[in-house]
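Peer 1:
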Amino acid sequence: MSSLLQWGILATGNIARAFAQGLSHSKTGKLVAVGSRSQESAVRFGQEFGLPPAACHATYEGLLADPEVQAIYISNPHPGHAEWAIRCAEAGKHILCEKPLTINHGEAMAVVEAAQRHGVFLMEAFMYRCHPQTARLVELIRDGAIGKVRVIQATFSFRTGAGADSRLLDPELGGGGILDVGCYPVSMSRLLAGAATGKPFANPLKLSAVGHLGETGVDDYTAAVAMFPGEIVAQLATGVRVTQENVVRIYGEDGQIFVPSPWSPSRDGGASKIIVRRNGKPEEEIVIETVGEARAYLYTIEADHVAAHLAARQSPAMSWADSLGNMQTLDSWREAIGLTYPLEKPEHATAVGTSARRPLRRRTDSVM
Ligand SMILES: NC(=O)c1ccc[n+]([C@@H]2O[C@H](COP(=O)([O-])OP(=O)(O)OC[C@H]3O[C@@H](n4cnc5c(N)ncnc54)[C@H](OP(=O)(O)O)[C@@H]3O)[C@@H](O)[C@H]2O)c1
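Here's what the structure looks like:
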């Protein structure tokens with residue numbers, strides 16, 4: 002095997018393509034295989050990224066059984082994340098799993114437990130967390146650039162043109178804003194409230210929300226307010242039926258910080274910026290140049306970040322505890338607006354069995 006981390010991609014949708022493109026610029030990893038639910042789609046994807054036919058698997062199981070693959074990027078819709086992350090762990094593959102890590106906190110606990118038990122790397126793929134812009138933002142808050150943080154405003158909301166059968170609106174596929182993009186404002190507010198109080202992240206003490214459930218039953222748009230330790234209030238907004246200004250603003254006792262592109266800074270390489278306005282001082286524009294040869298792509302940075310932290314099995318930018326706190330907060334937001342998915346209903350839970358979608362059984366290595 003080469004010294005490069007050998008990646009497999011599970012599922013061949015939109016974000017899988019973006020990640021494969023990012024990986025093609027990586028100096029630490031390379032794509033060696035893909036797995037899809039169909040041979041045709043696996044081969045089409047493989048041809049696009051220069052894979053031989055034998056590396057294009059017609060099933061996800063085929064990808065997991067491929068001995069060339071060391072790490073798997075999971076990019077199927079949210080309800081499939083838990084099942085395939087657990088199966089990747091069992092197959093001894095390192096895992097970069099798309100956000101949200103799972104549908105809910107219970108499933109996330111099962112995934113983390115599987116990674117721990119099988120000794121593999123696991124990270125929820127919040128690419129913005131790996132970007133130097135986010136590191137700089139955290140540093141500014143920690144250094145007290147705007148004094149005591151009082152209010153955090155974070156929004157990620159867009160209007161989809163897709164129909165009711167799209168994963169974005171389908172309750173069976175975990176549709177709606179909170180899980181698709183609301184997870185970003187939640188994770189950002191938890192990161193910043195943590196930085197403001199000397200911790201890697203913080204969890205809200207209280208959260209309230211209102212929202213509109215659309216005709217398919219998922220959240221079309223919704224807003225939450227949360228109280229964090231340190232008397233920090235967060236205002237969070239998300240949606241899949243309305244485009245809003247997708248920015249982050251942080252207000253402190255001595256000034257404010259504005260992040261115009263918090264979620265996809267320099268997606269195709271290049272620079273991004275953070276604006277700092279200190280009370281009574283001229284505005285400061287901090288430019289963040291991504292490092293790398295010619296251009297440092299967002300998903301290249303993410304893939305390289307995984308390779309750099311593989312040995313520790315967790316990422317310092319998005320630890321397991323951080324993901325678990327994020328899922329718990331997303332559960333609270335959904336609960337506040339009355340959004341439960343069909344697969345969370347008791348009758349469905351009985352039918353699908355465990356988070357790995359297998360019947361409940363006694364584990365052979367269990368002491369109980
Ligand atoms: N980090 C980011 O920037 C980012 C951006 C967008 C999305 N995401 C996350 O990535 C995941 C996938 O999003 P996407 O936009 O790439 O979705 P997408 O374009 O709809 O692709 C999803 C893929 O999953 C597979 N799949 C498995 N079961 C499926 C089912 N029941 N219905 C439809 N597809 C199914 C399909 O691939 P095969 O046919 O090959 O199996 C499909 O192409 C989501 O969890 C989303 O939250 C992350």
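Using our numbering, read the sequence shown as starting at 2 and increasing by one per residue.
Ideal Cβ placement from N, Cα and C applies to all residues, glycine included.
All figures in this text were calculated on a predicted structure; none of them were measured in a lab.
Taking three-plus beta-carbon pairs below 8 Å as touching, is the region 96-112 in contact with the region 27-45?
Peer 2: No: the two stretches stay apart, fewer than three of their Cβ pairs being nearer than 8 Å.
Peer 1: Would you check if the distance between the CB atom of Leu174 and the CB atom of His79 is smaller than 8 Å?
Peer 2: Yes, these two residues count as a Cβ contact at 8 Å.
Peer 1: Go to His95, then tell me how far its beta strand (DSSP E) extends in each direction, as first and last residue.
Peer 2: Unbroken beta strand (DSSP E) run through His95: His95 to Cys98.
Peer 1: At which residue ranges does the region 273-315 contain complete alpha helix (DSSP H) runs of 4 or more residues, listed in the order of the chain?
Peer 2: The qualifying runs are 299-310.
Peer 1: Output the boundary residues of the alpha helix (DSSP H) element that contains Ile87.
Peer 2: His82 to Glu91 is the extent of the alpha helix (DSSP H) around Ile87.
Peer 1: What do you reckon, is the C-beta of Pro78 under 7 Å from a heavy atom of ligand 1?
Peer 2: It does: the Cβ of Pro78 is within 7 Å (strictly closer) of some heavy atom of ligand 1.
Peer 1: In whole angstroms, give me the CA-to-CA distance for Glu294 and Glu345.
Peer 2: Caution is warranted here: a pLDDT of 47 is assigned to Glu294, below 50, making its placement in the model unreliable, and no coordinate value can be reported.
Peer 1: List the endpoints of the continuous beta strand (DSSP E) containing Phe259.
Peer 2: Note, Phe259: beta strand (DSSP E), Gly256 to Val260.
Peer 1: Within a Cβ cutoff of 7 Å, which residues of the same chain sit near His132, ignoring the five residues on either side of it in sequence?
Peer 2: Same-chain partners within the cutoff: Pro266, Leu299 and Ile302.
Peer 1: Can you have a look at Asn15 and say buried or exposed, based on whether 16 or more other CB atoms are within 10 angstroms of its CB?
Peer 2: By the neighbour-count rule (16 or more Cβ atoms within 10 Å), Asn15 is not buried but exposed.
Peer 1: Quick check on this structure: which residue in Ser25, Arg118, Trp8 and Leu65 has the alpha carbon closest to the alpha carbon of Ser411?
Peer 2: A question about residue 411 goes unanswered here, because the residues of the chain that appear run from 2 up to 369.
Peer 1: Using 8 Å for Cβ pairs, my map puts Arg160 next to Arg268. What's the rounded Cβ distance?
Peer 2: Not a contact, Cβ separation roughly 20 Å.
Peer 1: When DSSP builds the beta bridges, which residues end up paired with His213?
Peer 2: Looking at the DSSP assignment, His213 forms a beta bridge with Tyr222.
Peer 1: Within this structure, are the beta carbons of Ala1 and Arg143 separated by less than 8 Å?
Peer 2: The requested residue 1 does not occur in the structure, where the chain is confined to residues 2 to 369.
Peer 1: Shortest alpha-carbon distance to Gly9 belongs to which of Lys28, Phe127 and Phe46?
Peer 2: Checking every option, the nearest Cα to that of Gly9 belongs to Phe46.
Peer 1: Report the option in Ala55, Ser262, Val187 and Ile75 whose CA atom is closest to the CA atom of Pro68.
Peer 2: With distances taken between Cα atoms, Pro68 lies closest to Ala55.
Peer 1: Hey, is the region 145-157 in contact with the region 203-223, meaning 3+ C-beta pairs nearer than 8 Å?
Peer 2: At 8 Å Cβ cutoff, the stretches do not touch.
Peer 1: Cα separation between Trp334 and Leu340?
Peer 2: Going from the Cα of Trp334 to the Cα of Leu340 covers about 9 Å.
Peer 1: Please state whether DSSP places Gly240 in a helix, a strand or coil.
Peer 2: In the structure shown, Gly240 sits in a strand (DSSP, three-state: E or B).
Peer 1: Leaving out five residues on either side along the sequence, give the residues of the same chain with a beta carbon under 8 Å from the beta carbon of Asn280.
Peer 2: If we look at Asn280 and ignore the five residues flanking it on each side, its Cβ neighbours are Asp255 and Gly256.
Peer 1: List the DSSP bridge partners of Thr13.
Peer 2: DSSP output for Thr13 lists no bridge partner at all.
Peer 1: Is Ala325 near ligand 1, with its Cβ less than 7 Å from a heavy atom?
Peer 2: According to the sequence shown, residue 325 is Leu rather than Ala. No.
Peer 1: Taking 7 Å as the cut-off, is the beta-carbon of Ile96 closer than that to any non-hydrogen atom of ligand 1?
Peer 2: No, Cβ of Ile96 sits at least 7 Å from all heavy atoms of ligand 1.
Peer 1: Among Thr60, Met228 and Lys31, whose alpha-carbon lies nearest the alpha-carbon of Val70?
Peer 2: Nearest of Thr60, Met228 and Lys31 to Val70, Cα basis: Lys31.
Peer 1: Between the C-alpha atoms of Ala313 and Glu216, what's the straight-line distance to the nearest angstrom?
Peer 2: Between Ala313 and Glu216, the C-alpha separation is close to 45 Å.
Peer 1: Give a yes or no on whether the C-beta atoms belonging to Pro186 and Leu237 are separated by under 8 Å.
Peer 2: Yes, Cβ-Cβ distance for Pro186 and Leu237 is below 8 Å.
Peer 1: Indicate, with yes or no, if ligand 1 has a heavy atom lying under 7 Å from the CB of Met189.
Peer 2: It does not: the Cβ of Met189 is nowhere closer than 7 Å to a heavy atom of ligand 1.
Peer 1: Using the DSSP secondary-structure output, state which residues sit across from Ser158 in a beta bridge.
Peer 2: The partner list for Ser158 (beta bridge, DSSP) reads Gly240.
Peer 1: How would you label Asp221, buried or exposed, when you count the other beta carbons within 10 angstroms and need 16 or more for buried?
Peer 2: By the 10 Å Cβ count, Asp221 comes out buried.
Peer 1: Can we count Thr13 as close to ligand 1, meaning its CB is less than 7 Å from some heavy atom?
Peer 2: Within the cutoff, so yes.
Peer 1: So Val211 and Ile338 are supposed to be a Cβ contact under 8 Å. How far apart are they, rounded?
Peer 2: Indeed they touch by this definition, with Cβ atoms about 7 Å apart.
Peer 1: Out of Asn105, Thr13, Leu169 and Leu24, which one is the CA nearest neighbour of Ala350?
Peer 2: Out of Asn105, Thr13, Leu169 and Leu24, Asn105 has the C-alpha closest to the C-alpha of Ala350.
Peer 1: Using the Cβ count rule (16 or more neighbours within 10 Å means buried), how would you classify Thr244?
Peer 2: Exposed, by the Cβ-count rule.
Peer 1: Would you mind sorting Thr135 into buried or exposed? The rule is 16 or more other CB atoms within 10 Å of its CB.
Peer 2: It counts as buried.
Peer 1: Consider the C-beta atom of Ile302 and the heavy atoms of ligand 1; say whether any pair is separated by less than 7 Å.
Peer 2: Answer for Ile302: no, Cβ out of range of ligand 1.
Peer 1: For a test of the three-state rule: what should DSSP assign to Arg191, helix, strand or coil?
Peer 2: Correct three-state label for Arg191: helix.
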